[in-house]
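For reference, each letter of the sequence shown is one residue, going 80 to 713 in my numbering. Beta carbons are placed, not taken as given, at the ideal position from N, Cα and C, and that holds for glycine. Remarks on the structure that follows.
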Amino acid sequence: RSVRQKITDLRPRLLPADVHLEFTRDYGKTAEDKSNELVQHLLLATLSVALLITLTMGWRSGLVVGIAVPVTLALTLFIYFLAGYTLNRVTLFALIFSIGILVDDAIVVVENIERHHRERPKEPFWRVAVEAVDEVGNPTILATFTVIAAILPMAFVRGLMGPYMRPIPTGASAAMLFSLAVAFIVSPWAAFRIFRHHHQEQAKPEKAQREGWSMRLYRRVMTALIQKPLARWAFFAGTVAALLGAAGMVWAGLVKVKMLPFDNKSELQVVIDQDAGTPLEATLATAREMSRALTQVPEVHDVQIYAGTAAPFNFNGLVRHYFLRRSPTGTDLQVNFVGKDERKAQSHDLAKRVRPALVEIARRHGARVKVVEIPPGPPVLDTLVAEIYGPTPEARESLARTVQNLFNETAGVVDVDGSLEAARDRATLMVDREKAGLAGVPAAAVLNTLAGAGAGRDVGALDVPASREPVPVTLRLSAADRASLARRLALRVDSPGGAVALGELARVERSPEPQPVLHKDLKPVIYVFGDLAGERESPVYALAALNKKIDALHLPSGAKIERYSVEAPETSDRPALKWDGEWQITYEVFRDLGIAFAVVLVLIAILVIGWFQSFKVPFAILMPISDSGIGSRM
């Protein structure tokens, strides 16, 4: 806001009226919008819970539970403050996630108080409330600690996702403890204040109420399951079939197994790479044509071109090192969309829509283009990353080019690129000192002529009235002539016998340009990158398809290519491939959550066994957990 205000104040004095000014990025506004959106969802979730309770239990019970929610959230925010957590998207999501479970204790307590109050209307309300809370106190305590045991292991997730997930179990566990205290202290007090005036109205005995259709249906179904073995076994068989069918949806590719979800962003980045040696003017021409194509999209508000220099890097560029992109062959396009309320399409859908046109333009200009979306979670080098290891540069390059071709042949894999550069020759000019000596031309004169034609040479100065110092006059070949070796060799240098062409005094030696050498953990490595855009936008399915193709490949020795999923090979003495990118985070998180899930089952079993002093009751309680996989995949 300060920058905007300062620019508004300075514009009339420093900028001409015909200069257009545009704010291309305002991440403060983006963060504020996200925070406000989550706060709205938090309020909506709270009101939805209170409304649901009011519709099912009455407005008095809804009011009592509605009081418990803000009290619990306030205490949880206080714990966040003491723990050093800030109010951000993760902590606010943890609060929204907690609302659905933190009202359970208050609902159980309030409903039992209301039931006792209805059945014993003549007794003092304080005695009814105390006995009602005492009746459900132990099961409520057990249920609360069971939920905490189920959530807390999420705090031990490692890797990049660890810091992002840790506030969720921390906040939810604190909220559950506070909800238990509020249910035993605040809710009975609120019920006494709200229901005590309702006590006299309920003093008259009520007539027996008729059961509703849902209760009659429930009794009929449960009676059949208890009394009829055929119905019971049919129900078990149907449950098992549904569970197996839900698990099979992963293998059939019907479920999107993806760690980082797509988000509706207001921006997009297009990264363009030309072959080494391409002049800046050609790179800029490619970028301008893509920019014109992007501005034809109705949802695009503006496009900025950063040619030969790095664009201000964003959250995604922190890991991909876009701030190092300073080369005539590289260009970044910053694409800004109109507001979310002005368009129906999500930013991911827009990225898929504009990609074919950009790829076609890049193909015509011999460039490589990547449509980069800003991820909502921890950034990675790319969605699909293959690390290629090997004993020699030739072995690594051969395997890397083979893997890159497999990326191009796999359906749904787009924006394929790698750390290998296009093969090109290096031209080295060697001065023939014997010829130069016979012509009377010093070798330094040849070098100065070549260098001056490329970098430029000051040949004079102009006296300009508007300048305090003389303006230098620099003589240099045009960009097209500088890119032509023949034009440079056609330059002439003075000699005692007359001007002599440089091509007569120097010979050209060509050799392959060496590839850049990258290292990871002190081992030489080559990267192959790819993104996903298609029906199956999950790296799991793309890796499965790529692994099948790699299985069919064999090294010249007849051996198969070694592959690694998480840990890199210890040495580089054999060709190997390691999968990285989004798969690495997905695997680590799912692995740690699987271990946490196993620990949760043990903790819940210990709690229930110790509470009920029985081994059968925990089995009955834990058995339905496996059925939760049916709904989670549906």
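| message | Taking its Cβ as the centre, do 16 or more other Cβ atoms sit within 10 Å of residue 639, making it buried, or is it exposed? | response | Under this definition residue 639 is an exposed residue.
| message | If I measure Cβ to Cβ from residue 747 and keep anything under 8 Å in the same chain, skipping five residues before and after, which residues do I get? | response | One cannot answer for residue 747 here, as it falls past the ends of the chain, which runs 80 to 713.
| request: Give, in chain order, every unbroken run of the beta strand (DSSP E) that is at least 3 residues long and sits entirely within the segment 183-224. | output: none
| request: Specify whether the segment 211-225 and the segment 246-261 touch according to this definition: at least 3 beta carbon pairs, one from each stretch, less than 8 Å apart. | output: yes
| Can you list, in chain order, the residues of its chain whose CB lies under 7 Å from that of residue 541, leaving out five sequence neighbours each side? | 549, 550 and 552
| Helix, strand or coil at residue 283 [DSSP, three-state] | With a pLDDT of 45 at residue 283, under the threshold of 50, the modelled position of that residue is not reliable, and the figure given next carries that caveat. Coil, per DSSP.
| request: Please report how far the alpha carbon of residue 472 lies from the alpha carbon of residue 673, in whole angstroms. | output: Residue 472 and residue 673: Cα-Cα distance of roughly 39 Å.
| Alpha carbon of residue 73 to alpha carbon of residue 558, nearest angstrom | In the structure displayed, the chain extends from 80 to 713; residue 73 sits before or after that span and is not available.
| Would you call the segment 393-410 and the segment 346-363 in contact, with 3 or more CB pairs under 8 Å? | yes
| field | Own chain partners of residue 611 with C-beta closer than 8 Å, once the 5 adjacent residues on each side are dropped | value | Only 462, 463, 491, 492, 493, 617, 618 and 621 meet the Cβ criterion.
| Looking only at C-alpha atoms, which of 229, 131, 483 and 506 sits nearest to residue 495? | 483
| query | Beta-carbon separation of residue 602 and residue 636 under 8 Å? | reply | no
| said: For the alpha helix (DSSP H) containing residue 620, name the first residue and the last one. | reply: 618-630
| query | What separation, rounded to the nearest whole angstrom, lies between the Cα atoms of residue 507 and residue 385? | reply | 32 Å
| query | Is residue 577 near residue 519, with beta carbons less than 8 Å apart? | reply | no
| Helix, strand or coil at residue 382 according to DSSP, with G and I counted as helix | Assigned with DSSP and collapsed to three states, residue 382 falls in strand.
| query | Per DSSP, what kind of secondary structure is residue 540 in: helix, strand or coil? | reply | Strand.
| Classification of residue 85 by the beta-carbon crowding that lies within 10 angstroms, buried from 16 upward | exposed
| Roughly how many whole angstroms lie between the Cα atoms of residue 108 and residue 114? | 10 Å
| field | beta strand (DSSP E) segment containing residue 599, residue limits | value | Unbroken beta strand (DSSP E) run through residue 599: 597-599.
| said: Using 8 Å as the threshold, is the C-beta distance between residue 391 and residue 168 below it? | reply: No, these two residues do not count as a Cβ contact at 8 Å.
| Which whole-angstrom value is the C-beta distance of residue 625 and residue 510, which I expect to be below 8 Å? | Actually they are not in contact, since the Cβ atoms of residue 625 and residue 510 sit about 51 Å apart, beyond 8 Å.
| task | Measure the C-alpha to C-alpha separation of residue 425 and residue 144 and round it to an integer number of angstroms. | result | 37 Å
| request: Could you check how far apart the C-beta atoms of residue 720 and residue 139 are, in whole angstroms? I think they sit under 8 Å. | output: Given that the chain is displayed from residue 80 to residue 713, the structure contains no residue 720 and the question cannot be resolved.
| task | Sort out for me which residues DSSP pairs residue 509 with in a bridge. | result | 586
| field | Which of helix, strand or coil DSSP assigns to residue 169 | value | helix
| request: Could you work out which residue in 246, 183 and 420 is closest to residue 148 when comparing CA atoms only? | output: 183
| request: Under 8 Å Cβ to Cβ from residue 597, same chain only, skipping five residues before and after it: list those, please. | output: 498, 603, 604, 605 and 606
| said: Within a Cβ cutoff of 6 Å, which residues of the same chain sit near residue 154, ignoring the five residues on either side of it in sequence? | reply: Within the same chain, Cβ atoms closer than 6 Å to the Cβ of residue 154 are found at 257, the five residues on either side in sequence being excluded.
| Under a Cβ-count criterion, where at least 16 other Cβ atoms within 10 Å of its own Cβ denotes burial, should residue 161 be classed as buried or exposed? | Around the beta carbon of residue 161, a 10 Å sphere encloses fewer than 16 other beta carbons of the protein chains shown; the residue is thus reported as exposed.
| query | Alpha carbon to alpha carbon, how far is residue 676 from residue 210? | reply | 36 Å
| Who are the Cβ neighbours of residue 367 in its own chain at under 6 Å, not counting the five residues just before and after it? | Nothing meets the Cβ criterion.
| said: Can you tell me whether residue 165 is buried or exposed? The criterion is at least 16 other CB atoms within 10 Å of its CB, across all chains shown. | reply: Its Cβ having fewer than 16 others within 10 Å, residue 165 is exposed.
| query | Should residue 537 and residue 101 be called a contact, given that it needs their Cβ atoms to be closer than 8 Å? | reply | It is not a contact, given that the beta carbons lie outside the stated cut-off.
| field | Where residue 115 falls: helix, strand or coil (DSSP) | value | It is helical.
| query | Taking the beta strand (DSSP E) that residue 398 falls in, what are its first and last residues? | reply | Unbroken run through residue 398 is the alpha helix (DSSP H), 396-399; no beta strand (DSSP E).
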